[in-house]
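Okay, so here's the structure we're looking at.
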Amino acid sequence: MNGWIGTVLRVDLATGDVKTEDLNRKWAEEYLGCRGLGVRYYVDEVSTGIDALSPENKLIFATGPMTGLVGTSTGRYEVVAKSPLTNTIAGSNSGGYFGPELKFAGFDMLILEGKAKKPVYLLIEDGKAELRSAEALWGLTVSETTNAIVAATAPKAKVACVGPAGEKLARIACIMNDKDRAAGRGGMGAVMGSKNLKAIAVVGRGGINVADKEKALAVAKEARATVKANPVSGEGLKALGTNVLVKVINAAGGMPTRNFRDSVFENADNISGEKMAENQLVKPKSCFGCNISCSRVTEVKTEKYKCYGEGPEYETTWSFGADCGVDNMDAVIKANSLCNELGMDTISLGATIACAIDLFQDEHLTREEVGFDLNFNDPDTVLKLVEMAGNKDGFGVRLSEGSYRLAESCGHAEYSMSVKKLEMPAYDPRAIQGIGLNYATSNNGAAHVRGYTIAPEVVGLPEKLDQFSIEDKDLWVKAFQDLTASFDAAGLCLFTTFAIGGKELADQLTANTGIQYTEADVMTIGERIHNLEKLYNMQVGFDVKDDQLPKRMYNSPVKAGPAKDYVSRVPEMLPAYYSRRGWNKKGMPQPEKLAELGLETLRFK
Amino acid sequence: MKHVLLLQPALCVDCKVCELVCSLEHYGKVSPIKSCINVESTPMKFAVPLTCLQCDKPACAIVCVTQALTKNSETGLVDYDADKCIGCKMCVSACPFGNISYDQETQAVIKCDTCNGAPKCVEFCPTGAISWVGEDMTTITRRQAMVGKFEQLFSMEAQL
């Protein structure tokens with residue numbers, strides 16, 4: 123095949139059996155790869171009723187047809203499984219170098235089944251795979267694990283692994299690859315840990331065929347130039363990383379602060395990308411194949427918070443910064459570094475700590491339960507809590523379950539700023555209306571990377587919308603969700619969509635795969651993926667009442683700033699959104715829509 | 771004037787697109803192992819693009835017993851003639867930089883030919899870490915960077 127490799131690797135962790143299979147070409151054409159193809163395979167093989175942390179759950183590492191190729195930010199892959207945090211289908215997207223290496227090793231996708239009897243890691247090398255003992259690695263941090271496996275295998279091995287949090291089944295554990303990149307959201311690290319699988323190492327010396335070399339180079343050059351010419355993907359992100367957003371979102375009155383008690387952080391300047399560039403930045407860095415270079419290599423020299431690595435991203439700066447009321451950037455970077463080493467989703471953990479502080483302040487959580495007092499703007503306590511959560515030590519056990527389970531155990535689930543138990547990230551849905559609709563309807567819970575309407579609502583790309591208005595937001599959310607699904611599925615980075623759209627994606631796919639894709643095809647693929655995920659969630663038992671934000675977003679108006687007195691109007695937007703999707707009033711896809719997407723005969727296990 | 775590939779590690783962001791376009795251009799598929807240019811990085815995430823430096827006294831050509839590798843005084847390049855190559859890999863051993871490798875599939879040496887004076891890596895490098903410049907520019911570029919630093923220094927003094 124061109125673009126795709128055409129081969130799937132299947133590993134039964136219980137028996138150690140390793141099989142290779144031909145890729146299902148029909149599905150590949152219809153769902154591309156990554157999130158799309160991964161979910162298509164998943165729903166075909168796994169019963170919807172399973173416990174996400176049981177051996178019956180499968181863990182899929184999927185690349186896309188563009189992953190590893192010459193194009194716009196081609197370093198992405200997706201981890202797909204049922205989420206132990208949300209119980210929805212989850213797809214956690216990550217960059218770095220791991221995904222492309224999987225293709226160079228000869229595989230589009232890796233399907234992991236069952237549970238190993240003892241800790242193991244999987245070594246994939248040029249079309250072959252074997253399980254090796256990981257007993258000596260169990261308990262090690264992400265960088266220790268990665269270094270040990272590289273030393274034991276090949277200097278160019280690319281490693282994805284879990285830290286102690288994943289081993290201990292923390293529901294907010296992530297999978298880390300290339301040390302600093304995370305398949306972050308939805309607890310994929312806990313699924314990996316539940317399989318006794320510590321790591322996957324890949325060594326690939328093969329190549330990827332492309333259909334039309336000259337055309338592939340030409341369309342890549344043009345699309346990359348468009349990305350480079352864009353003020354966000356070409357300038358802002360390179361200059362300041364995603365933390366370019368700190369001042370922008372705060373100025374828009376949409377930076378949730380102290381567990382969404384406030385929406386403007388008075389000390390935002392102290393944690394801004396501008397300040398980080400002055401104090402901690404070593405250099406900008408790219409993922410594989412990317413000309414945006416949004417990653418930051420950073421170093422904290424302050425003895426207490428000493429660390430070196432990549433990040434933090436804006437959402438992490440927000441979660442451990444503004445959301446915990448912290449304005450000490452050294453401490454925020456240290457929290458990010460600890461999360462990367464222990465293997466935890468920075469958004470969920472920071473937001474869960476903020477939730478705990480909020481509960482404590484309102485006396486729904488006691489000193490006896492925690493072991494000490496919890497206050498906003500207390501960076502050292504935040505760092506202590508990060509370590510406790512990652513090691514599931516004391517009160518950390520409750521933090522590791524995420525904010526919903528924590529708040530529910532205190533009898534006040536409404537303190538959890540989450541949708542479908544996934545914590546909302548760094549954009550206040552009272553101040554920015556469309557992102558709220560996306561949080562409410564995203565198939566993996568409150569994710570910003572599934573329909574980033576911040577681009578039009580705040581940044582003004584591709585055109586400026588009124589962030590406070592709900593007019594046409596149903597249209598924009600649907601369009602962004604579908605477009606994002608297709609970019610995810612292709613293996614391209616979401617950040618390229620600041621500059622390019624369905625046409626540039628279709629052109630790249632056509633040149634590389636040799637299959638004719640139009641802009642309309644690409645949007646249909648995205649819509650198909652979104653609907654497939656939705657159908658899965660419905661089978662699990664999710665319904666219209668789950669498409670809602672926390673009550674605070676409806677009942678507690680913004681106190682100050684540009685969004686003063688606003689609440690989220692998600693309930694008003696939902697009917698229009700469902701209707702635009704071709705769903706009924708209960709948010710269920712209708713037969714005509716399913717037929718249009720080729721999903722009418724789909725049956726779940 | 772002769773042109774050379776100017777490599778500026780300080781600008782490299784480790785995206786490896788040079789490896790991708792190089793292999794695609796020369797072998798018709800994307801395969802970093804077949805690339806004539808490679809980005810190597812350190813644990814501290816410092817990245818350096820490395821490729822054939824077209825040495826004036828090329829170790830690879832000196833050890834080559836069949837004259838498959840020869841210095842071209844006109845272009846300044848070390849030329850490779852695959853028809854003369856016997857696949858002994860002595861050149862791979864001889865290159866002190868590791869900038870020549872051997873491709874088992876095509877049974878030929880992987881070595882930069884500058885894409886006949888229009889290097890694809892330069893065309894796609896997003897930061898200018900790899901550029902194709904007149905020979906004298908390799909030093910002029912650095913001197914100019916220094917001039918900028920002096921300018922900063924003295925304009926600061928002027929303000930004081």
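The listed protein sequences correspond, in order, to chains G and Z.
For reference, each letter of the first sequence is one residue, going 123 to 727 in our numbering.
For reference, each letter of the second sequence is one residue, going 771 to 930 in our numbering.
Glycine included, every Cβ here is placed at the ideal spot set by N, Cα and C.
If you're wondering where the values come from, they're calculated on a predicted model, not measured in any experiment.
Buried or exposed: which applies to G/Leu460, given that a residue is buried once 16 or more other Cβ atoms fall within 10 Å of its Cβ? Here G/Leu460 is buried, its C-beta having at least 16 other C-beta atoms within 10 Å.
For the putative contact between G/Glu235 and G/Arg132, defined by C-beta atoms under 8 Å, what is the C-beta separation to the nearest angstrom? That belief holds up - the Cβ atoms of G/Glu235 and G/Arg132 are roughly 7 Å apart, short of 8 Å.
Could you check the C-alpha separation between G/Val341 and Z/Leu777 for me, to the nearest Å? Distance between G/Val341 and Z/Leu777, taken at the CA atoms: about 26 Å.
Anything in chain G within Cβ reach of Z/Asp784, meaning under 7 Å, just list it in chain order. Lys407, Ser408, listed in chain order.
Ignore the nearest five residues each way along the sequence and tell me which others in G/Tyr699's own chain have a CB closer than 7 Å to its CB. For G/Tyr699, the CB contacts under 7 Å within the same chain, skipping 5 residues up- and downstream, are Leu559, Thr563, Asp596, Val599, Lys600 in chain order.
C-beta neighbour in chain G for Z/Ser793, strict 9 Å: With 9 Å as the cut-off, Z/Ser793 counts as an interface residue toward chain G.
Write down every uninterrupted run of the beta strand (DSSP E) in the region 263 to 321 of chain G whose length is 3 residues or greater and which is fully enclosed by it, in chain order. Correct list: 280 to 283, 297 to 299, 303 to 305.
Grab me the residues of Z/Asp851's own chain with a C-beta within less than 6 Å of its C-beta, minus the 5 sequence neighbours each way, in chain order. Around Z/Asp851: Ala838.
So which of G/Ser690, G/Leu244, G/Gly288, G/Ile479 has the shortest CA-CA distance to G/Ile592? The residue from G/Ser690, G/Leu244, G/Gly288, G/Ile479 with its alpha-carbon nearest to that of G/Ile592 is G/Ser690.
Output, in sequence order along the chain, the residues in the region 220 to 248 of chain G whose CB is closer than 8 Å to any CB in chain Z. Here the close residues are Phe226.
Simplified DSSP state of G/Asp729, which is helix, strand or coil: Lying before the first or after the last residue shown, residue 729 of chain G is absent from chain G, which here runs from 123 to 727.
Rounded to a whole number of angstroms, what is the C-alpha to C-alpha distance between G/Tyr526 and G/Ser538? The straight-line gap from Cα to Cα measures roughly 5 Å.
What does DSSP give as the partner residues of G/Met466 in its beta bridges? Within the DSSP bridge table, the entry for G/Met466 names G/Ala295 as partners.
Since Z/Ala864 and Z/Ala829 should fall inside the 8 Å C-beta cutoff, what is the C-beta to C-beta distance between them, to a whole number of angstroms? Separation of the CB atoms of Z/Ala864 and Z/Ala829 is rounded to 4 Å, and the pair is thereby assigned contact status at 8 Å.
Name the chain Z residues whose beta carbon is nearer than 9 Å to that of G/Asn331? Within 9 Å Cβ-Cβ: Gly798, Lys799, Val800.
So, under 8 Å CB-CB, G/Ser355 and G/Thr137 are touching, yes? Tell me the CB distance rounded to an integer number of Å. In fact, because the Cβ distance is near 46 Å, the residues do not count as touching under 8 Å.
How would you label G/Glu289, buried or exposed, when you count the other beta carbons within 10 angstroms and need 16 or more for buried? Around the beta carbon of G/Glu289, 16 or more other beta carbons lie within 10 angstroms, which makes this residue buried.
On the DSSP bridge list, what partners appear for G/Asp134? Beta-bridge pairing links G/Asp134 to G/Glu235.
Neighbourhood of G/Lys754 by C-beta distance below 8 Å, restricted to the same chain and skipping five residues each side: Nothing in the structure corresponds to residue 754 of chain G, since chain G is present only between 123 and 727.
Along the chain, where does the beta strand (DSSP E) that runs through G/His652 open and close? Following the DSSP letters along the chain, one finds G/His652 in no beta strand (DSSP E) but inside the alpha helix (DSSP H) bounded by residues 641 to 662.
Strictly below 8 Å CB to CB, what residues from chain G border Z/Lys815? Against chain G, a Cβ distance below 8 Å from Z/Lys815 picks out Val404, Lys405, Lys407, Val419, Glu432.
Could you spell out the range, first to last residue, of the beta strand (DSSP E) harbouring G/Val201? Start and end: 199 to 204.
Can you check whether the CB of G/Gly217 is closer than 9 Å to the CB of G/Gly249? G/Gly217 is positioned such that its CB atom lies no closer than 9 Å to that of G/Gly249.
Does DSSP put Z/Thr812 in a helix, in a strand, or in coil? Here Z/Thr812 sits in coil by DSSP.
G/Ser169: buried (16+ other C-beta within 10 angstroms of its C-beta) or exposed? Of the other Cβ atoms in all chains shown, fewer than 16 fall within 10 Å of the Cβ of G/Ser169; this residue is therefore exposed.
Return the residues of the region 338 to 353 of chain G that lie within a Cβ-Cβ distance of less than 8 Å from chain Z, sorted by chain order. From the region 338 to 353 of chain G, only Ala338, Leu339, Ala342, Lys343, Arg346, Lys350 have a Cβ closer than 8 Å to chain Z.
Neighbourhood of G/Glu223 by C-beta, 6 Å cutoff - its chain only, sequence neighbours within 5 removed: Taken in chain order, the residues that qualify are Lys280, Val324, Gly326.
For G/Leu259, count neighbouring C-beta atoms within 10 Å of its own C-beta (all shown protein chains included) and say buried if the count is 16 or more, exposed if not. The residue in question, G/Leu259, is buried, as its Cβ has 16 or more Cβ neighbours within 10 Å.
Compare the C-beta of Z/Thr884 against all C-beta atoms of chain G and say whether one is closer than 9 Å. No, Z/Thr884 lies away from the interface with chain G (no Cβ there is under 9 Å from its Cβ).
Residue interval of the alpha helix (DSSP H) (run including G/Val368): From DSSP, the alpha helix (DSSP H) with G/Val368 extends over 367 to 373.
Taking a Cβ distance cut-off of 7 Å, strictly less, list which residues of the region 497 to 523 of chain G are near chain Z, in chain order. Residues: none.
How many angstroms separate the CA atom of G/Gly376 from the CA atom of G/Gly447? Pairing G/Gly376 with G/Gly447, the inter-Cα distance amounts to about 15 Å.
Who are the near neighbours of G/Glu151 in its chain, counting only those whose CB is closer than 8 Å to its CB and skipping five residues on each side? Hits under 8 Å: Ile637.
Scan the region 453 to 501 of chain G and note each continuous alpha helix (DSSP H) run of 4 residues or more that stays entirely inside, going in chain order. Listed in chain order, they are 468 to 483, 489 to 492.
So what does DSSP say about Z/Val903, is it helix, strand or coil? In the three-state DSSP reduction, Z/Val903 falls in the strand class (E or B).
Kindly list the residues whose CB is nearer than 7 Å to the CB of G/Met710, restricted to its own chain and excluding five residues on each side of it in sequence; keep chain order. Taking G/Met710 as the centre and dropping the five residues before and after it, the same chain places the C-beta of Met660 closer than 7 Å to its C-beta, in chain order.
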